[in-house]
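Asker: Under the numbering used here, think of the first position of the sequence shown as 5, with each following residue one higher.
For every residue, glycine included, the Cβ atom is placed at its ideal position computed from N, Cα and C.
Nothing here was measured: the structure is a model prediction, and the numbers come from that model.
The following block contains the structure, expressed as structure tokens.
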Amino acid sequence: MTCEFCEAEIPIGLSVCPACGKPQSAPGQADRRALWLVLIVMVMFGIAVAEHHLFVNN
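Right, here's the structure in full:
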């Protein structure tokens, strides 16, 4: 595993980089954040489209 901050190699199982001392995010945490961001954007876009259709059709 590689440190997110200093790019040093981190032994598997450590959550803090031994070189710079900064905590590392859990594996897959960045992927979940990206998924939530995409889902939120899709929901907001869907709401905007639905509101547009409601106002245009009436």
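Among the candidates ALA12, ASN61, ILE16, ALA30, whose CA atom is the shortest distance from the CA of ALA23?
Answerer: Residue mapping note: residue 23 aligns to position 19 of the sequence shown, counting from 1. Checked all of ALA12, ASN61, ILE16, ALA30; the closest Cα to ALA23 is ALA12.
Asker: Am I right that CYS7 and ILE14 are in contact with their C-beta atoms under 8 angstroms? What's the rounded C-beta distance?
Answerer: Residue mapping note: residue 7 aligns to position 3 of the sequence shown, counting from 1. Residue mapping note: residue 14 aligns to position 10 of the sequence shown, counting from 1. Confirmed, Cβ separation roughly 6 angstroms.
Asker: Roughly how many angstroms lie between the CA atoms of ILE20 and CYS10, to the nearest whole one?
Answerer: Position 16 of the sequence shown, counting from 1, holds the residue named residue 20. Position 6 of the sequence shown, counting from 1, holds the residue named residue 10. The question names Ile, but residue 20 is Val in the sequence shown. When rounded, the distance between both Cα atoms is 12 angstroms.
Asker: Hey, how far is the Cα of PHE49 from the Cα of MET5?
Answerer: In the sequence shown, counting from the first residue as 1, residue 49 sits at position 45. In the sequence shown, counting from the first residue as 1, residue 5 sits at position 1. Approximately 37 angstroms between the Cα atoms of the pair.
Asker: Where LEU41 and ILE51 are concerned, what is the direct C-alpha to C-alpha distance, given to the nearest angstrom?
Answerer: Here residue 41 corresponds to residue number 37 of the sequence shown, with the count starting at 1. Here residue 51 corresponds to residue number 47 of the sequence shown, with the count starting at 1. Rounded to whole angstroms, LEU41 to ILE51 spans 15 angstroms at the Cα level.
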